[in-house]
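In case it helps, this note's numbering puts the sequence shown at residues -1 to 89.
Glycine residues also receive a C-beta, built at the ideal position from the N, C-alpha and C atoms.
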Amino acid sequence: MNPDFKIRCPLPHCTGWVTQLPPEDGALFMCDDCGQVWETQAELDVTIAEIIERFPYRAGVYRQTESGFAAVPEAEEPADYEAQVLQEPWA
């Protein structure tokens, strides 16, 4: 478990945060808002890539690293990020 892992949820219309859970919880990554679960970092990265393709402005909260996507510092997020996400369709 990485207690420092925190990244914006890559699901449409969700402004929550995904954190890494303890292995005994069964799922490794979960959004604190919508409750979506990803079993692996690779699954989460695929979902992030898909949301960026669908809504390119979403790239403003992620950065690509050698080990997958990571969050940009909150201070560097676009000021209107949450407002834009809340305009997205639910599906």
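- Around C12, the same chain offers D31 and C32 as residues with beta carbons nearer than 6 Å, after the five sequence neighbours per side are excluded.
- In this structure, W36 and L26 form a Cβ contact; the two beta carbons are roughly 7 Å apart against a cut-off of 8 Å.
- In this structure, R61 lies near V70, with their beta-carbon atoms less than 8 Å apart.
- The secondary-structure analysis by DSSP pairs V70 with nothing; it has no beta-bridge partner.
- For W88, same chain residues with a beta-carbon under 7 Å away, outside a window of 5 residues either side, are P10 and H11 in chain order.
- Comparing alpha carbon positions, the residue from G66, T17, E80 and Q18 closest to V44 is G66.
- Taking a contact as a CB-CB distance under 8 Å, the pair V59 and E75 counts as one, their CB atoms being some 5 Å apart.
- Q85 carries a coil assignment under DSSP once its states are collapsed to helix, strand and coil.
- Per the C-alpha coordinates, the member of I46, E64 and D2 positioned closest to P20 is D2.
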